[in-house]
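Visitor:
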Amino acid sequence: MPGRLEPESVPRRDFLGLAGLWSAGLAILGSIAGMARLPKPRVLPETSSQFRIGRATDFAPGTVRVIGEQNVRVIGTNEGVAAMSLVCTHLGCIVSEEGGGFGCPCHGSKFDVAGNVVGGPAPAPLKWLDVSASADGSLVVDKGRSVAPGTYFKLA
Amino acid sequence: MASGLETFIANVKALPRTFRESAVRHGAPTSDRTRSQAVFGNLFLHIHATRTHPHSLKLTSTWALGVSLVSQYAILLATGVLLMVYYKPSIETAYDSIKDLHYVVPTGRYIRNIHRWAAHMMVATCILHMARVFYTASYKPPREFNWVMGMFLFVMTLLFSFTGYLLPWDQLAYWAITIGANIAASPNELAEALGLPKAFYLGDLIKEVLLGGSTVGQEALIRFYVLHIAVLPLVFTAGLGVHMWRIRKDGGIARPDGNPTAASKGVGSMAPQKATTSSELTKTYGLMAVVPDKSAHTGQHTDETVPTWPYLFRAELLVFMVTLVICVMLGLLFDAPLTELANPNVPENPAKAPWYFLGLQELVSYSAFVGGVVIPTIVILGLALIPYLDREPDPPGKWFGWAHEKYVGRASLVYGAVAAILSVAIPVRFGWLRNWFPEIPQIAIILINPGSLLTIAYALWSLFILKRTGSTRLGAVALFTCFLVGFVILTYVGTYLRGPNWDFYWSRSQWPTH
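Heads up: the sequence lines are chains A and B, in that order. Under the numbering used here, the first residue of the first sequence carries the number 30, and numbering increases by one thereafter. Under the numbering used here, the first residue of the second sequence carries the number 667, and numbering increases by one thereafter.
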């Protein structure tokens, strides 16, 4: 008698039909998943995030240099050298100096000279970037690595 | 018995006739009956019913907005294909190819202008079309789903505009898309404010898939190009087909007392709902309907409809011609803008999106995530669900047909305008949370801003009207009117009252000069 322990057998025809239907469904789902993988790049087609800014001696205390093509501002102080990104943390416009700090032209975010938010919609301070010395003694800024605000690269 | 040669010559002589007969499947469209057959049997015409109700033909029923939209879409397809002949989707050549189109290519300048004007008109007409359908209560059953399809097509229209915007690769394009892509990535803002680990930074994934990189570059240009010329046209055309198909299947353009009867629902009958006495008169006619011809004898029953050919076709042709004339005139008179070549180091100041996104930009200037993602999603979902939340038997197809609708509409207009103006004026005059409490946590800045408060104010007003009047239709009228007036006011502020650094200026002449 059919029951929980001995369920009614599925006719072979139904079984084969259902198996065919499910395998077709799975194959289509698998293909879609495979296709969806394509648009997410494995390697970002970009130039290196690291770039040289010159020798340590170029950044005596009091030096301020804006590296326009990288959207980075480098300062030299008694504590060392620091680099700050000029890309607004709101929606990616480039901030410019205004009134002793920075202002964003797109949606009016305001930052102080250290990059802290003082007004507008920006959700985070401007990024401070990693500064290091390469083997030949020139300084390298890495836009891909941000550091805590107030981090200076000590000159030897 | 004719020889083989004679038969052959006779066949050659008959060729024009036999070929025509094989192609069109029906006789010459000389009578109502053959014209109906033509509408019924032709792939391109059969999206129409064979008969049309005079109410659908009246200008004031629809203001011809739907047919205008189809006309604009057709113009955009034709001009778009022509632009593709010269446009090169590469960051080295895109800008130059647009310059070539403007200065060198024969008629290229006008084709591009017309493409741009038709695109702007399409966004505006979409909103007007939506307002027409709403205020005539034409989303009522059985047309709920077609309202949702309309919302889908509206979103697709905005995506068309957004993707097309990048293609000239000028300053405006570059910065508008940088902002847009960062809005798409703004769920990061919430993850950051909540201190979630990197795995929750959904925005990075969205941005990588959208741009193919972390900044707008060659990969982004080709992706937007593919979306603009292949993906969106396919999706939109299919959606448009469904939208028009459902007009037919839901019984044509909504009209008072014109809902399909139970018997005819689903076959596109145009038969009016009328009190009838005999069973013979309740007979409804699907598909071919009744035509005044010798063959179809229907006794005393008079159908109120008129033949689609010529009445509807004539109206459609007129609307298409008017749309075309407007596009061509605008294209001849006003050039589509092209700013300097894209420069990733110096943004435009102010960097403004096209007008229909400036209301959004106004919201984004408070918070990227709430203004750019949360509020638009709520608005689109809220509008799309209206037909399911308001199911009162409002007579469809009649302007302001529900009791007190005009009064509630006017009150909502005033309320919506005042709330929108306050949402701009208070931050401009008194500043906002960060000015008052400099140490306030970021999550509060993100969630409590003039845009989110405005949205809540509109929702509360709609609920208030709903409670006060006990009518879901009036609640929907309050909500929709607030949305419309809020959209118009924020768009106006973004367009005319915002200057450099998104600061407030009463007029452009007050902008600081450099």
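Even glycine gets a Cβ: it sits at the ideal position worked out from N, Cα and C. Quick caveat, the model's predicted, so the values are computed rather than measured.
Indicate whether Glu-1105 (chain B) and Pro-152 (chain A) have their beta-carbon atoms separated by less than 9 Å.
Guide: At least 9 Å separates the beta-carbon of Glu-1105 (chain B) from that of Pro-152 (chain A).
Visitor: With a floor of 4 residues, list each alpha helix (DSSP H) that falls wholly inside the stretch 1122–1173 of chain B, ordered by position along the chain.
Guide: 1138–1158
Visitor: What are the boundary residues of the beta strand (DSSP E) that includes Lys-873 (chain B)?
Guide: Per DSSP, Lys-873 (chain B) belongs to no beta strand (DSSP E); it is in the alpha helix (DSSP H), 868–877.
Visitor: Is the Cβ-Cβ distance between Ala-704 (chain B) and Ile-741 (chain B) less than 9 Å?
Guide: No, they are not a contact pair.
Visitor: Is DSSP giving Pro-899 (chain B) helix, strand or coil here?
Guide: helix
Visitor: Under the DSSP definition of a beta bridge, which residues are partnered with Gln-79 (chain A)?
Guide: A:Asp-171
Visitor: Spatial neighbours of Val-110 (chain A) within its chain, please: CB distance less than 8 Å, with the 5 preceding and 5 following residues excluded, ordered by chain position.
Guide: Ala-85, Phe-88, Val-103, Ile-104, Val-160, Leu-168, Tyr-181, Phe-182 and Leu-184
Visitor: Spatial neighbours of Trp-835 (chain B) within its chain, please: CB distance less than 8 Å, with the 5 preceding and 5 following residues excluded, ordered by chain position.
Guide: Ile-757, Ala-760, Tyr-761, Ile-764, Leu-887, Leu-1007 and Ala-1008
Visitor: Give the straight-line distance between the Cα atoms of Leu-860 (chain B) and Ile-1109 (chain B), rounded to the nearest whole angstrom.
Guide: 7 Å
Visitor: Look at the alpha carbon of Gly-173 (chain A) and the alpha carbon of His-768 (chain B), and state the distance between them as a whole number of angstroms.
Guide: Linking Gly-173 (chain A) to His-768 (chain B) through their CA atoms gives a straight-line distance of about 40 Å.
Visitor: What number of angstroms, rounded off, separates the C-alpha of Val-985 (chain B) from the C-alpha of Ser-722 (chain B)?
Guide: 14 Å
Visitor: What does the Cβ neighbour count give for Leu-158 (chain A), buried or exposed, with the cut at 16 atoms within 10 Å?
Guide: Leu-158 (chain A) sits buried, since 16 or more C-beta atoms from the chains shown fall within 10 Å of its C-beta.
Visitor: Helix, strand or coil: which one does DSSP assign to His-862 (chain B)?
Guide: In the sequence under discussion, the amino acid at residue 862 (chain B) is Leu, which differs from the His named in the question. Three-state DSSP puts Leu-862 (chain B) in coil, outside helix and strand.
Visitor: Return the CA-CA distance between Glu-127 (chain A) and Ile-1092 (chain B), expressed in angstroms with no decimal places.
Guide: Whole-angstrom Cα-Cα distance: 24 Å.
Visitor: Apart from the five residues just before and just after Arg-691 (chain B), which ones in its own chain have a Cβ nearer than 6 Å to its Cβ?
Guide: Sequence-distant Cβ neighbours of Arg-691 (chain B) in its own chain, meaning closer than 6 Å and more than five residues away, are Gly-707.
Visitor: Distance check for Phe-818 (chain B) and Gly-905 (chain B), CA to CA, integer angstroms please.
Guide: 8 Å
Visitor: Listed in chain order, which residues of the stretch 61–82 of chain A have Cβ atoms closer than 8 Å to some Cβ of chain B?
Guide: Pro-68, Lys-69, Pro-70, Leu-73, Pro-74 and Glu-75
Visitor: Going along the chain, which unbroken runs of the alpha helix (DSSP H) with 4 or more residues stay wholly within the stretch 1006–1080 of chain B?
Guide: 1024–1030 and 1041–1055
Visitor: Could you name the residues that DSSP lists as bridge partners for Lys-139 (chain A)?
Guide: A:Gly-132 and A:Gly-148
Visitor: Output, in sequence order along the chain, the residues in the stretch 31–65 of chain A whose CB is closer than 8 Å to any CB in chain B.
Guide: Of all residues in the stretch 31–65 of chain A, none has a Cβ within less than 8 Å of some Cβ in chain B.
Visitor: Using a Cβ-Cβ cut-off of 9 Å, state whether Thr-1043 (chain B) counts as contacting chain A.
Guide: In terms of beta-carbon proximity, Thr-1043 (chain B) stays away from the interface with chain A, with every pair separated by 9 Å or more.
Visitor: Check whether chain B comes within 9 Å of Leu-120 (chain A), counting only Cβ atoms and requiring the distance to be less than that.
Guide: Chain B places a beta carbon closer than 9 Å to that of Leu-120 (chain A), counting this residue as a contact.
Visitor: What is the C-beta distance between Leu-1145 (chain B) and Ser-1128 (chain B), in whole angstroms, given that I count them as a contact (C-beta under 8 Å)?
Guide: Right, the Cβ-Cβ distance comes to about 4 Å (below 8 Å), so this counts as a contact.
Visitor: Check Ser-161 (chain A) in the structure and name its three-state DSSP category.
Guide: strand
Visitor: In or out: Val-751 (chain B) buried (at least 16 other Cβ within 10 Å) or exposed?
Guide: exposed
Visitor: Can you give me the C-alpha to C-alpha distance between Pro-938 (chain B) and Pro-807 (chain B), rounded to a whole angstrom?
Guide: With a pLDDT of only 45 at Pro-938 (chain B), under the threshold of 50, the placement of this residue in the model should not be trusted, and no figure is reported.
Visitor: Please list, in chain order, all residues of the same chain as Trp-1177 (chain B) whose beta carbon is under 7 Å from its beta carbon, the five residues on each side excluded.
Guide: Within the same chain, Trp-1177 (chain B) has close Cβ partners Gly-1165, Pro-1166 and Tyr-1171.
Visitor: For my contact list, Glu-874 (chain B) and Pro-74 (chain A) are in at a C-beta cut-off of 8 Å; report their separation, rounded to the angstrom.
Guide: About 11 Å separates the two Cβ atoms, so there is no contact after all.
Visitor: Take Glu-1015 (chain B) and list the residues in its own chain whose beta-carbon comes closer than 8 Å to its own, dropping the five residues that flank it on each side.
Guide: Reading off the sequence shown, one finds Asn at residue 1015 (chain B), where the question assumed Glu. Closer than 8 Å at the Cβ level, and outside the excluded window around Asn-1015 (chain B), lie Pro-1166 and Asn-1167.
Visitor: Closer than 9 Å, CB to CB, is Val-799 (chain B) near chain A or not?
Guide: no
Visitor: Between the alpha carbons of Val-848 (chain B) and Ser-880 (chain B), how many angstroms are there, rounded?
Guide: According to the sequence as given, residue 848 (chain B) is Asn; it is not Val. Going from the Cα of Asn-848 (chain B) to the Cα of Ser-880 (chain B) covers about 10 Å.
Visitor: Would Val-146 (chain A) and Pro-154 (chain A) qualify as a contact pair, given that the criterion is a beta-carbon distance under 9 Å?
Guide: yes
Visitor: Whose C-beta lies closer than 8 Å to the C-beta of Thr-1135 (chain B) among residues of the same chain, with five residues either side of it excluded?
Guide: His-1070, Val-1074 and Gly-1141
Visitor: Quick one: which residues of the stretch 152–164 of chain A get their C-beta closer than 7 Å to a C-beta of chain B? List them in chain order.
Guide: Pro-152 and Ala-153
Visitor: For the stretch 845–858 of chain B, which residues have a beta carbon sitting closer than 7 Å to at least one beta carbon of chain A?
Guide: Sequence-ordered contacts of the stretch 845–858 of chain B with chain A read Ile-845, Asn-848, Ile-849, Glu-855 and Glu-858 [C-beta pairs closer than 7 Å].
Visitor: Going by the CB atoms, is the gap between Ser-737 (chain B) and Val-789 (chain B) shorter than 9 Å?
Guide: no
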